[in-house]
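Quick notes on the structure that follows.
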Amino acid sequence: VLYLPLTMHNPVTISKKACFVLQAEVFPYPEIGNDELEEIKQLVAPVEKFFSDDVDSAKIDREATIPPETLQGLKDLGLFGIMIPEEYGGLGLSNTIYARLNEIIALDGSIAVTLAAHQAIGLKGILIAGNEAQKQKYLPKLASGEHIAAFCLTEPGSGSDAASIQTRATLSEDGKHYLINGSKIWISNGGMADIMTVFARTEVEVDGVKKDKISAFIVERAFGGITSGKPEDKLGIRGSNTCELSFDNVPVPVENVIGEIGGGFKIAMNILNSGRFSMGSSCAGMIKKLIELTSEYATTRKQFNKSLSEFGMIQEKFAMMALNAFVMESMAYLTSGMMDRPGIPDCSLEAAMVKVFSSEGGWICVSEALQVLGGLGYTKNYPFERFVRDCRILPIFEGTNEILRMYIALTGMQYAGKILTGKIKEMKKGNIGLAIGMVSKKLRASLGASVDLGLTGKDGVVHPSLEDSAKKLEQNVSLFGSTVESLLYRYGKTIVDEQLVLKRVADVLIHIYAMTAVLSRASRSISIGLRNHDHEVCTLCAHSYNSPENNDANIKKIAKQVLENRAYICSHPLERTY
4 VLYLPLTMHN PVTISKKACF VLQAEVFPYP EIGNDELEEI KQLVAPVEKF FSDDVDSAKI
64 DREATIPPET LQGLKDLGLF GIMIPEEYGG LGLSNTIYAR LNEIIALDGS IAVTLAAHQA
124 IGLKGILIAG NEAQKQKYLP KLASGEHIAA FCLTEPGSGS DAASIQTRAT LSEDGKHYLI
184 NGSKIWISNG GMADIMTVFA RTEVEVDGVK KDKISAFIVE RAFGGITSGK PEDKLGIRGS
244 NTCELSFDNV PVPVENVIGE IGGGFKIAMN ILNSGRFSMG SSCAGMIKKL IELTSEYATT
304 RKQFNKSLSE FGMIQEKFAM MALNAFVMES MAYLTSGMMD RPGIPDCSLE AAMVKVFSSE
364 GGWICVSEAL QVLGGLGYTK NYPFERFVRD CRILPIFEGT NEILRMYIAL TGMQYAGKIL
424 TGKIKEMKKG NIGLAIGMVS KKLRASLGAS VDLGLTGKDG VVHPSLEDSA KKLEQNVSLF
484 GSTVESLLYR YGKTIVDEQL VLKRVADVLI HIYAMTAVLS RASRSISIGL RNHDHEVCTL
544 CAHSYNSPEN NDANIKKIAK QVLENRAYIC SHPLERTY
């Protein structure tokens with residue numbers, strides 16, 4: 004939100020951009036209408052009941068498969084077509100409702116991955132880049148779950164470097180088909196998919212010169228020539244189907260090209276970028292469940308004549324779990340709310356930040372929950388060890404967190420980098436030190452010693468009681484600006500090779516976005532008198548001032564409220580509207 008230079012075309016300063024975007028998109032916290040709120044309530048109840056009564060996660064994990072009757076139940080609930088428009092047989096739900104349903108679905112990692120592989124990436128290419136004929140032909144059966152989808156990009160020699168894939172599609176002599184040859188690995192739903200989005204190299208002519216470019220294809224298993232390997236025996240998400248796929252002269256009609264020939268890489272990136280935001284709500288839902296399970300044990304288990312819940316370091320674990328759930332939830336629904344608004348710029352940067360924060364926070368939380376149980380948590384008699392195993396994949400798939408941190412940092416620094424490049428080009432025959440000096444002055448003028456985002460004061464968008472936290476956010480924005488300036492002065496264009504530096508830049512940006520999300524949410528909760536808004540404020544303060552010296556009181560207060568209720572007690576962002 005704060006740093007999206009490519010979506011802003013006016014030559015204004017970063018601080019002005021930040022102010023505009025914050026006020027226009029982040030404050031007040033996104034809300035849904037009463038009709039949509041009622042729709043959510045009607046959708047959530049049967050899904051919760053199904054997962055409570057009919058999903059045996061221990062059995063799914065143990066047998067490494069999702070039973071046919073469970074899959075059928077998911078289909079009957081419409082969960083294979085959550086975001087497919089109604090005209091194609093789907094539920095046609097918003098990103099916000101999708102995020103809400105994922106809180107429940109994520110309680111079983113195998114089911115969550117199966118559904119996400121199907122609709123968040125498997126069929127998404129048809130949805131966002133397919134033509135009308137392709138949508139009419141394929142989406143109805145995908146929406147009902149009669150057909151299952153898979154996303155086929157990764158290869159034995161091509162992981163994060165997606166542009167290096169070697170699978171090839173060659174146009175047939177009659178010009179009616181592309182023949183696909185190659186193999187794909189780690190394909191979720193690979194052994195059960197009927198429809199696949201497959202990426203392959205194709206020969207295209209650019210300005211009279213033949214070049215290899217990646218194209219996207221809709222491939223039916225019924226075309227023939229497709230072989231599924233043995234399902235992988237995985238650490239976690241064991242019930243999801245993951246396998247290698249081999250393509251041997253698979254004939255794909257030219258009508259099944261998604262978009263245009265040579266445009267596949269952009270489609271692949273758009274598909275991956277669009278689905279990451281929901282990891283925030285998924286992880287938050289998982290952590291809320293862990294808090295319920297773990298608090299029951301901590302309040303009844305006694306050692307040294309005291310309940311575990313009375314010990315400070317145990318309390319810290321519960322405060323940390325509640326804090327992480329609150330921040331993930333805040334980031335996820337802020338992002339989904341922006342994505343649902345018409346005319347809002349691309350939110351792939353925000354979605355990436357949600358994914359990194361939530362996947363790593365989720366991993367920490369499941370580990371700490373297990374720690375509270377001690378030896379019991381390590382046994383298969385309880386679900387904690389399964390949560391740990393299922394959670395480990397999150398920083399790896401849908402873009403590794405290392406790759407996403409590079410993307411976050413470089414995107415966040417892009418505007419300042421353009422200033423640097425432009426000024427150096429203007430003065431390339433002069434003194435480079437003078438050029439850098441001018442850049443520094445330009446950046447200081449742009450970023451300023453302090454940044455007024457319009458959060459507080461007479462016309463401020465933040466509730467007055469949160470002024471201290473709002474000022475803290477503004478200070479962090481200002482510090483980020485001066486940090487960018489010093490980094491560009493030191494490294495120039497070679498900053499792209501300084502991964503450890505960029506990692507820290509990304510972490511700062513993620514923290515700023517997290518602060519923005521929780522501040523906006525807490526401000527709204529106070530303004531409308533939402534239940535337990537005082538707990539939200541305490542959680543906000545714990546996040547904003549997270550240091551060993553000043554956080555003990557907040558930690559104890561949050562933990563006390565969580566343990567007394569044996570639950571995460573912050574009101575849901577979708578609980579009610581104004």
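Residue numbers (my numbering): 4 to 581. The C-beta atom is built at its ideal place from N, Cα and C for all residues, glycine as well.
Within the same chain, show all residues whose beta-carbon is closer than 6 angstroms to that of residue i, passing over the 5 residues directly before and after it, in chain order.
i    : result
E371 : K320
E567 : none
A132 : I261, G262 and I270
S312 : A301, T302 and L566
G283 : M331, M334, A335, V357 and S361
C286 : M331, S361 and G365
T230 : S249
A115 : I108 and A109
F154 : I124, G125 and T200
G380 : L373 and F387
T414 : L352
In the DSSP assignment, find the beta strand (DSSP E) that holds residue i and state where it starts and stops.
i    : result
I85  : It is not in any beta strand (DSSP E) - I85 carries neither H nor E in the DSSP assignment.
C246 : T245 to P256
F154 : A152 to C155
L174 : R171 to L174
S351 : Segment S351 to L376 is the alpha helix (DSSP H) holding S351; no beta strand (DSSP E) there.
H180 : H180 to S191
T205 : I198 to V209
E223 : V212 to E223
T230 : I229 to S231
Using C-beta distances below 7 angstroms, list every residue in its chain close to residue i, excluding the 5 sequence neighbours before and after it, in chain order.
i    : result
R569 : E295, S298, E299 and T302
F226 : V253, P254 and V255
G340 : P33 and T99
R392 : L238 and G239
I188 : T157, E158, P159 and E247
E235 : T245 and C246
Y385 : L376 and L379
Y101 : I85, M86 and S281
L174 : Y181
Grab the span of the alpha helix (DSSP H) containing residue i for me, first residue to last.
i    : result
F329 : G315 to D343
K383 : No alpha helix (DSSP H) holds K383; DSSP gives it neither H nor E.
S147 : E135 to S147
K292 : S281 to T303
D64  : S60 to E66
E39  : N37 to D56
K602 : The chain is shown from 4 up to 581; residue 602 falls before or after that span and cannot be answered.
D236 : Run containing D236: none; DSSP gives neither H nor E here.
H514 : Q502 to I531
G278 : G267 to G278
G128 : K127 to A132
M409 : N404 to G415
S163 : No alpha helix (DSSP H) holds S163; DSSP gives it neither H nor E.
I561 : D555 to N568
A123 : Here A123 belongs to no alpha helix (DSSP H), and DSSP marks it neither H nor E.
From this set, the options, which residue's C-alpha is nearest residue i's C-alpha?
i    : options                   : result
K383 : K62, Q137, I411 and G178  : K62
N192 : C246, V212, D164 and E149 : C246
Y410 : V47, K144, W366 and A354  : A354
V29  : T519, E51 and R65         : T519
I69  : E158, G76, I129 and G242  : G242
L469 : S523, I498, Y494 and G484 : S523
K563 : G315, L490 and R527       : G315
S277 : N308, D349, D57 and K559  : D349
H180 : Q306, G92, P159 and T205  : T205
T73  : L490, F53 and I264        : F53
G178 : V257, E223 and E149       : V257
N259 : E135, I317, G232 and L77  : E135
V209 : I264, Q306 and G346       : I264
S472 : V499, F483, Y494 and V521 : V521
K57  : S526, L293 and Q75        : Strictly speaking, residue 57 in this sequence is Asp, with Lys absent from that position. Of the listed residues, the one whose Cα sits closest to D57 is Q75.
L82  : E149, E90 and D64         : E149
M272 : N37, L96, G128 and P31    : G128
S113 : S60, H121, Q139 and V207  : S60
M289 : G228, V369 and R279       : V369
V47  : L96, G92, R304 and E363   : L96
G266 : E223, V207 and Q318       : V207
For residue i, which residues from the same chain have a beta carbon less than 8 angstroms from its beta carbon, with the 5 sequence-adjacent residues on both sides left out?
i    : result
L577 : I35, L40, I43, T99, R103 and Y336
S443 : Any answer about S443 is weak, because its pLDDT of 48 lies below 50 and its placement is not dependable; what the coordinates show is given next. Here the set comprises E488 and Y492.
L126 : I87, Y141, L142, L145, A152, I198 and T200
At least three beta-carbon pairs within less than 8 angstroms, the segment 104–114 to the segment 163–171 = no
message = With a threshold of 8 angstroms, are at least 3 pairs of Cβ atoms found where one atom belongs to the segment 503–522 and the other to the segment 476–486?
response = yes
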